[in-house]
Every structure is written in C-alpha cells, then in structure tokens.
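A.B. asks: Sharing a structure here in structure tokens format.
Protein chains: 2
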Amino acid sequence: MYKSATRSFPVYDSLRQAIIEQALKPGVKLPEDSIGETFGVSRTTVRNALVRLDAEGLVDLQPNRGASVAVPTIEEAHDIFEMRQCLEREVMQRLCAMDPKPIVKALRAHLAEENKYLHVDTTRSIRLAGEFHILLAELTGSKILANYVNEIVSRCSLIMARFAQAHSAKCGLDEHTEIIAAIADRDAERAIARMHRHLHGVQDRALLKPDDAEKNNVSDILARYVTPND
Amino acid sequence: MYKSATRSFPVYDSLRQAIIEQALKPGVKLPEDSIGETFGVSRTTVRNALVRLDAEGLVDLQPNRGASVAVPTIEEAHDIFEMRQCLEREVMQRLCAMDPKPIVKALRAHLAEENKYLHVDTTRSIRLAGEFHILLAELTGSKILANYVNEIVSRCSLIMARFAQAHSAKCGLDEHTEIIAAIADRDAERAIARMHRHLHGVQDRALLKPDDAEKNNVSDILARYVTPND
DNA sequence: AAGTTATTTATTGTATTCAATCATTGTATC
DNA sequence: GATACAATGATTGAATACAATAAATAACTT
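Below you can see the structure in the form of structure tokens.
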C-alpha cells in the first residue's frame with residue numbers, strides 16, 4: 001500500500017522499526033524539526049511519515065501539539081490482544097485448509113533463523129519472533145489479512161514496550177514448533193488451540209510492569225536507524 | 231485516530247464520503263490542484279488527506295503520478311469479502327455474549343431509520359445499510375474491531391462501485407431484521423449463519439458488472455460534498 | 001504515413017516561509 | 001510562598017515557491 005519511491009519512506013520505515021524494537025518508547029515526543037535534521041529532509045516529508053504512522057496506530061498525532069509514540073492504555077491493550085486472537089485464529093483456519101508442504105517448509109526455514117539468533121542477538125530475536133506471525137499470515141495468500149496481522153503485531157510490540165518486563169517479549173520457540181506441527185497435520189482445531197495458548201502466554205507476560213515513561217532523546221536513538229546511502 | 235481539528239479533515243471526509251457513495255468511481259484521478267481549489271486549501275493540505283485515504287486503501291497513491299480512486303481487482307474483491315466475513319463473524323460472536331437489551335434497542339432504532347428512507351432516498355439508504363454493520367461492530371465495545379469493520383465496509387462499497395449493477399448495493403432489510411432477532415435470542419450460531427448468508431448475498435450481487443470506467447470531472451462531483459461552514 | 005525524438009506543458013515531490021498555537025519562564029499581586 | 005497573568009520561545013499548521021518527473025504535443029526522420 002505504501003510505495004517506497006519517496007523520501008518520506010525511509011523516515012516512516014526507520015521510525016516504525018525503532019518503535020517496534022522498543023528503542024522509541026511509548027510517550028516519547030517526535031518533533032518534526034529534529035527528525036527532519038536526522039534524516040536530512042524537510043518537515044513536510046517527516047509529517048508525511050507521521051501521518052501514516054498515526055493511521056496505523058503507532059503514533060499519536062495531536063493537533064497543534066505534535067506527534068509522539070502512542071501510549072496504549074491497558075484497555076486498548078486487551079482490545080488489541082483480543083483482536084489478534086481473532087485474526088490469528090483465522091490464519092490457522094485458512095492454513096490448515098491448504099497444501100501444507102510449501103507452508104511448513106517456509107515456516108521451518110524461519111524457525112531455523114529464529115533459533116540461530118536466540119541468546120545471540122536479542123533485538124533480532126524479538127523481531128524474528130514477531131515476523132513468524134506475519135509470515136504465517138502471508139502464507140495464507142490474503143494481502144489484507146497479512147496487512148492486519150502485520151499492523152496488530154506491531155501494536156502488540158508497543159504494548160509490550162509499555163507494560164512488559166524487559167526481554168519478556170520473546171515468543172516461546174517451542175510453541176512456534178508446536179504450531180507448525182499442527183499445520184503439517186492439517187489439524188485446524190489443534191493449531192487454533194496452540195496458537196490461542198501461545199498468544200495468551202505472550203499477553204500474560206505483557207501485562208505486568210507499571211510504566212516508567214522515561215524521557216529519551218529522540219535524535220540520538222534515531223541516528224542509529226538512518227540507513228546510510230552515500 | 232484522526233483528529234478533526236485540522237484543515238485537511240474536511241477534505242479527507244468529503245473525499246471519503248464521495249468514494250463510499252460511489253460518486254467518485256474507481257479509477258477517477260484526484261489531482262491535488264483542482265481538489266485544493268474546490269475546498270479553498272493548498273495542495274499541502276489536500277496531500278495530507280490523500281495520504282490517509284491511501285493508507286486506508288480507498289485511494290491509490292502512485293509516486294510521481296498522483297492519486298486516484300482505488301480500483302480493486304476481482305482477486306482483491308474476494309479477499310476483502312472473505313476478510314469481512316471473518317470480522318463480522320467475530321462481531322456476532324461477541325454481541326451474542328453480551329446483554330442483548332441495549333444492543334437490540336440501538337439496532338432497532340437504526341433499522342427504523344433504514345426503513346424510513348427505503349425507496350425515498352437511495353443514496354442515504356445505501357449509506358444506512360452500510361452503517362448498520364458499522365453500528366454492530368461499535369456495539370461490541372471494541373474500538374479496533376469497529377475500526378476494521380468500518381474500513382472494510384468502505385472498501386466493499388468501492389468494490390460494488392466497480393463491479394455491481396447500479397443500485398444492487400442495498401442490503402436486504404429483512405436480513406438485517408433476522409440478524410437482530412438472533413442477537414436478541416443470544417443465539418450465536420444462528421446470528422453467524424444469518425450474517426454469513428447476508429454477506430454472501432451482498433457479495434454475489436457485487437460481482438457482476440464489467441467495468442465502465444467513465445471519466446468524470448472530480449471538481450463538479452466534489453463540489454456537492456463541500457460542507458459549507460461560513 | 002508511421003514511428004521516433006525533442007519540446008512543451010501539466011502535475012507531483014519537497015523545501016522554504018510565514019502565521020498560529022502551545023509550552024515555558026518570569027513577573028507581579030495577593 | 002502560591003497563584004494569576006504576561007511575555008517569550010519553541011513547535012506546529014498550512015501556503016507558497018521551486019525542482020523534478022511524467023504526460024502531451026510538436027517536430028523530425030526514414
């Protein structure tokens with residue numbers, strides 16, 4: 001839906017990544033000026049990216065008082081997790097009605113990747129765990145379902161940044177393995193049950209920590225996310 | 231998610247309305263200049279609205295060649311309708327687990343409205359039919375579910391504009407009545423079945439007409455959608 | 001005359017500019 | 001010392017301006 005051939009795309013993408021990886025924590029202000037400087041673009045361009053992120057629910061764009069990383073309430077957190085259950089149930093349902101061979105192959109390949117970076121690169125590990133769910137959705141072949149799952153997984157990352165203990169964001173790899181097995185057997189009921197329990201575990205671990213909305217300097221953090229192209 | 235206290239909001243809102251009501255048909259170009267003139271705002275402001283509509287899937291924003299009303303393919307159409315089935319099934323499920331009294335009351339009130347304008351004001355009638363589904367979603371109390379349903383109902387309007395016979399967009403009121411009855415009985419299975427059949431009917435009627443992408447003048451059409459506030 | 005290239009025109013991408021709003025600090029008053 | 005108000009500074013809202021790209025037209029070649 002988003003064509004990357006614009007200057008605002010890298011801004012959008014880096015901000016998104018930074019939010020998902022919890023480098024930009026909920027509540028952090030996102031001033032157009034400083035972000036523009038970081039990326040070497042004008043405020044117009046930054047604003048474009050912010051509008052998009054607002055539409056996706058990752059950023060909160062208040063009139064006349066600018067943008068900040070969205071701060072999900074505990075109610076929204078429950079709401080989002082419930083929706084996630086619904087979407088991923090649908091994913092399981094559909095995958096179990098398809099030819100499991102290519103699906104399982106792709107999933108196993110991803111799982112190997114997850115294993116590779118477990119206990120090695122935490123940030124990457126967390127990202128891969130999320131991408132496992134996005135891959136599942138993509139394998140259904142439904143663009144719109146994949147989009148929704150993508151969006152909601154991102155928002156769950158945000159929730160974990162707000163409420164969860166540090167590093168509790170990692171999905172259990174065993175659980176991913178179990179889910180793949182159920183799909184391989186085309187056992188929809190089991191796949192749904194496994195997924196449900198898995199997500200419930202993630203949710204449980206997510207809703208513990210009281211918030212410490214520590215202020216961080218945006219520019220310093222973002223500088224690490226600029227992809228150098230010269 | 232979208233704060234209305236900006237100049238771009240009326241532009242966004244009018245465009246959205248015009249697309250949903252099928253006054254702006256799929257494929258119609260949306261030049262920033264002429265739209266800006268129509269609303270008395272600058273291109274910057276128009277662009278803001280277009281970016282948002284692109285994010286919602288109602289507008290297609292191609293780099294360097296501007297915006298046009300999205301033209302869903304037949305594959306996307308099926309994809310979207312399938313997703314809609316999933317979402318509205320969830321709505322039924324949730325509503326049937328709640329206290330039916332206030333829900334049924336709100337739904338009956340809406341149905342009365344639908345009846346009132348049936349055979350009187352076609353445009354309004356079509357809009358109300360869509361809003362029935364949005365109301366259902368809102369009554370679950372889930373913001374995010376309501377958002378998704380809202381979005382997907384809009385995109386279904388787009389699909390009907392592209393493929394359906396003129397005026398086949400109207401939902402059967404009897405079917406709405408049946409759905410309400412099932413909710414009143416807290417009979418989830420029946421509610422889901424009714425909704426499923428209902429949507430299937432809508433989908434069937436939607437996928438007939440070959441496209442006649444007649445060119446239309448945007449400004450003329452949009453002029454009717456400008457809400458005068460002075 | 002058909003096709004190709006050059007030129008012009010229209011439209012978009014982005015930066016810059018100015019006005020409006022909000023946040024903050026300082027000052028006065030009680 | 002606390003509160004209310006005023007002035008300042010910082011940040012956003014939105015229009016304008018300029019550069020870059022694409023579309024349309026004209027001129028040219030074969």
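For the record, the sequence lines run as chains F and U.
Numbered by the working numbering, the letters in the first sequence go through residues 1 to 230 in order.
Numbered by the working numbering, the letters in the second sequence go through residues 231 to 460 in order.
Glycine is no exception: its CB is placed at the ideal position from the N, C-alpha and C atoms.
No experiment lies behind these values; they were computed from the predicted model shown.
Tell me which same chain residues have a C-beta within less than 8 Å of the C-beta of asparagine 147 of chain F, skipping the five on either side of it?
C.D. replies: Position 147 of the first sequence, counted from the start, is the residue given in the question as residue 147 of chain F. Contacts found: Met1.
A.B. asks: Can you list, in chain order, the residues of the stretch 373–407 of chain U whose Cβ is nearer than 9 Å to any Cβ on chain F?
C.D. replies: Cβ contacts with chain F: Lys373, Ile374, Leu375, Asn377, Tyr378, Ile382, Arg385.
A.B. asks: Pick from F/Arg197, F/Val71, F/Ile179, F/Ala23: whose alpha carbon is nearest that of leucine 95 of chain F?
C.D. replies: Mapped onto the first sequence, residue 95 of chain F falls at position 95. When only C-alpha atoms are compared, the closest one is F/Ile179.
A.B. asks: Do threonine 45 of chain F and valine 11 of chain F have their beta-carbon atoms positioned less than 8 Å apart in this structure?
C.D. replies: If you number the first sequence from 1, residue 11 of chain F lands on position 11. If you number the first sequence from 1, residue 45 of chain F lands on position 45. Yes, the pair counts as a contact, with Cβ atoms nearer than the cut-off.
A.B. asks: Going by DSSP, what residue range makes up the beta strand (DSSP E) through histidine 61 of chain F?
C.D. replies: Taking the first residue of the first sequence as position 1, residue 61 of chain F is located at position 61. The residue you asked about is not histidine; residue 61 of chain F is leucine in the sequence shown. Here the beta strand (DSSP E) through leucine 61 of chain F covers 59–62.
A.B. asks: Interface residues of chain F around lysine 259 of chain U at Cβ under 7 Å?
C.D. replies: Numbered from its first residue, the second sequence carries residue 259 of chain U at position 29. Chain F residues near lysine 259 of chain U: none, gap ~17 Å exceeds 7 Å.
A.B. asks: Given this structure, state the Cα-to-Cα distance separating alanine 213 of chain F from arginine 84 of chain F, to the nearest angstrom.
C.D. replies: Stepping through the first sequence from its first residue, residue 213 of chain F is reached at position 213. Stepping through the first sequence from its first residue, residue 84 of chain F is reached at position 84. Confidence at alanine 213 of chain F is low in this model, with a pLDDT of 38, below 50, so its placement is unreliable and the value that follows should be read with caution. If I take the Cα positions, the gap works out to 25 Å.
A.B. asks: To the nearest angstrom, how far is it from the Cα of alanine 414 of chain U to the Cα of isoleucine 74 of chain F?
C.D. replies: Stepping through the second sequence from its first residue, residue 414 of chain U is reached at position 184. Stepping through the first sequence from its first residue, residue 74 of chain F is reached at position 74. Cα to Cα, alanine 414 of chain U sits roughly 30 Å from isoleucine 74 of chain F.
A.B. asks: Straight-line CA distance for valine 41 of chain F to threonine 407 of chain U?
C.D. replies: Here residue 41 of chain F is taken as the residue at index 41 of the first sequence, counted from 1. Here residue 407 of chain U is taken as the residue at index 177 of the second sequence, counted from 1. If you take the alpha carbons of valine 41 of chain F and threonine 407 of chain U, they lie about 55 Å apart.
A.B. asks: Of all the CB atoms in chain U, is at least one closer than 8 Å to the CB of isoleucine 35 of chain F?
C.D. replies: Your numbering for residue 35 of chain F matches position 35 in the first sequence. Not closer than 8 Å to any Cβ of chain U, the Cβ of isoleucine 35 of chain F fails to qualify, so no.
A.B. asks: For leucine 317 of chain U, which of U/Ile249, U/Ile382, U/Arg424, U/Asp263 has the nearest alpha-carbon?
C.D. replies: Translated into the one-based positions of the second sequence, residue 317 of chain U becomes position 87. Nearest option by C-alpha distance: U/Ile382.
A.B. asks: Only counting the same chain, and skipping five residues up and downstream in sequence, which positions put a Cβ closer than 8 Å to that of leucine 181 of chain U?
C.D. replies: What is shown of chain U runs 231 to 460, which leaves residue 181 of chain U out entirely.
A.B. asks: Would you mind stating whether methionine 92 of chain F and isoleucine 192 of chain F have Cβ atoms separated by less than 8 Å?
C.D. replies: Taking the first residue of the first sequence as position 1, residue 92 of chain F is located at position 92. Taking the first residue of the first sequence as position 1, residue 192 of chain F is located at position 192. A contact, by the Cβ cut-off of 8 Å.
A.B. asks: So, helix, strand or coil for valine 46 of chain F, using DSSP?
C.D. replies: As a working mapping, residue 46 of chain F is identified with position 46 in the first sequence. Helix at valine 46 of chain F.
A.B. asks: Kindly indicate the opening and closing residues of the beta strand (DSSP E) around glycine 296 of chain U.
C.D. replies: Locating residue 296 of chain U in the second sequence gives position 66, counting from the first residue. Start and end: 296–299.
A.B. asks: With DSSP collapsed to three states, give me the class of leucine 348 of chain U.
C.D. replies: Locating residue 348 of chain U in the second sequence gives position 118, counting from the first residue. Coil, per DSSP.
A.B. asks: Fully enclosed by the stretch 64–104 of chain F, which beta strand (DSSP E) runs are 3 residues long or longer?
C.D. replies: Taking only runs of at least 3 residues, the beta strand (DSSP E) segments lying wholly in the stretch 64–104 of chain F are 66–69.
A.B. asks: How is lysine 29 of chain F classed by DSSP in three states: helix, strand or coil?
C.D. replies: For the purposes of this step, residue 29 of chain F is taken as residue 29 along the first sequence, with counting starting at 1. Lysine 29 of chain F falls in the strand class under three-state DSSP.
A.B. asks: For glutamine 203 of chain F, does the count of other Cβ atoms within 10 angstroms reach 16, so buried, or fall short, so exposed?
C.D. replies: Counting from 1 along the first sequence, the entry for residue 203 of chain F is found at position 203. So glutamine 203 of chain F ends up on the buried side.
A.B. asks: Under 7 Å Cβ-Cβ, which residues of chain F neighbour threonine 236 of chain U?
C.D. replies: Here residue 236 of chain U corresponds to residue number 6 of the second sequence, with the count starting at 1. Those are Pro63, listed as they occur along chain F.
A.B. asks: Any C-beta of chain F sitting closer than 8 Å to the C-beta of arginine 354 of chain U?
C.D. replies: Locating residue 354 of chain U in the second sequence gives position 124, counting from the first residue. Output row for arginine 354 of chain U: interface = no.
A.B. asks: Taking cysteine 316 of chain U as the query, report the chain F residues whose CB atoms sit under 7 Å from its CB, ordered along the chain.
C.D. replies: Translated into the one-based positions of the second sequence, residue 316 of chain U becomes position 86. Those are Glu90, listed as they occur along chain F.
A.B. asks: Quick one, which of F/Leu24, F/Ile103, F/Arg205, F/Phe39 has its alpha-carbon nearest glutamate 138 of chain F's?
C.D. replies: Numbered from 1 along the first sequence, position 138 holds the residue referred to as residue 138 of chain F. That would be F/Ile103, whose Cα lies nearest to the Cα of glutamate 138 of chain F.
A.B. asks: Going along the chain, which residues of its own chain have a beta-carbon closer than 7 Å to the beta-carbon of arginine 420 of chain U, five neighbours each way excluded?
C.D. replies: On the second sequence, residue 420 of chain U is found 190 positions in, with the first residue counted as 1. Cβ neighbours of arginine 420 of chain U beyond the five flanking positions: Ala412.
A.B. asks: Roughly how many whole angstroms lie between the Cα atoms of serine 157 of chain F and proline 293 of chain U?
C.D. replies: In the first sequence, the residue the question calls residue 157 of chain F occupies position 157. In the second sequence, the residue the question calls residue 293 of chain U occupies position 63. Serine 157 of chain F and proline 293 of chain U: Cα-Cα distance of roughly 30 Å.
A.B. asks: Between arginine 197 of chain F and the rest of its own chain, which residues show a CB-CB distance below 8 Å, the 5 nearest in sequence each way excluded?
C.D. replies: Taking the first residue of the first sequence as 1, we reach residue 197 of chain F at position 197. If we look at arginine 197 of chain F and ignore the five residues flanking it on each side, its Cβ neighbours are Glu175.
A.B. asks: Where does alanine 443 of chain U fall in DSSP's three states?
C.D. replies: Position 213 of the second sequence, counted from the first residue, corresponds to residue 443 of chain U. Residue placement at alanine 443 of chain U is poorly supported in this model, since its pLDDT is 39, which falls under 50; the coordinates are not used for a value here.
A.B. asks: Using a cut-off of 9 Å between C-beta atoms, extract the partners of asparagine 48 of chain F located in chain U.
C.D. replies: Position 48 of the first sequence, counted from the start, is the residue given in the question as residue 48 of chain F. Arg277, Asn278, Val281, listed in chain order.
A.B. asks: Alpha carbons only, please: which of F/Gly172, F/Arg16, F/Phe132 is nearest the one belonging to arginine 155 of chain F?
C.D. replies: Within the first sequence, numbered from 1, the residue matching residue 155 of chain F stands at position 155. Closest option to arginine 155 of chain F, Cα to Cα, is F/Arg16.
A.B. asks: Taking only beta-carbon positions, decide if glutamate 312 of chain U is within less than 8 Å of chain F.
C.D. replies: Reading the second sequence from its first residue, position 82 is the one you call residue 312 of chain U. Closer than 8 Å: yes.
A.B. asks: Can you name the start and end residues of the alpha helix (DSSP H) that aspartate 417 of chain U belongs to?
C.D. replies: Reading the second sequence from its first residue, position 187 is the one you call residue 417 of chain U. Where aspartate 417 of chain U is concerned, there is no enclosing alpha helix (DSSP H), given that its DSSP letter is neither H nor E.
A.B. asks: Sorted by chain position, which residues of the same chain lie with C-beta nearer than 6 Å to asparagine 48 of chain F's C-beta, five sequence neighbours on each side aside?
C.D. replies: Position 48 of the first sequence, counting from 1, holds the residue named residue 48 of chain F. Closer than 6 Å at Cβ, skipping near neighbours: Ser8.
A.B. asks: Could you tell me whether any Cβ in chain U is nearer than 8 Å to the Cβ of asparagine 229 of chain F?
C.D. replies: As a first step, residue 229 of chain F must be located in the first sequence, where it is residue number 229. For asparagine 229 of chain F, the pLDDT reaches just 42, beneath the cut-off of 50, and the residue's location in the model is therefore unreliable, although a value from the coordinates is still provided. By this cut-off, asparagine 229 of chain F is not an interface position.
A.B. asks: Measuring only the C-alpha atoms, how far is histidine 119 of chain F from serine 14 of chain F?
C.D. replies: Here the question's residue 119 of chain F lines up with position 119 in the first sequence. Here the question's residue 14 of chain F lines up with position 14 in the first sequence. Between histidine 119 of chain F and serine 14 of chain F, the C-alpha separation is close to 25 Å.
A.B. asks: Can you tell which of U/Arg424, U/Leu254, U/Leu437 has the C-alpha that lies nearest to the C-alpha of aspartate 309 of chain U?
C.D. replies: Counting from 1 along the second sequence, the entry for residue 309 of chain U is found at position 79. The residue with the shortest Cα to Cα distance from aspartate 309 of chain U is U/Leu437.
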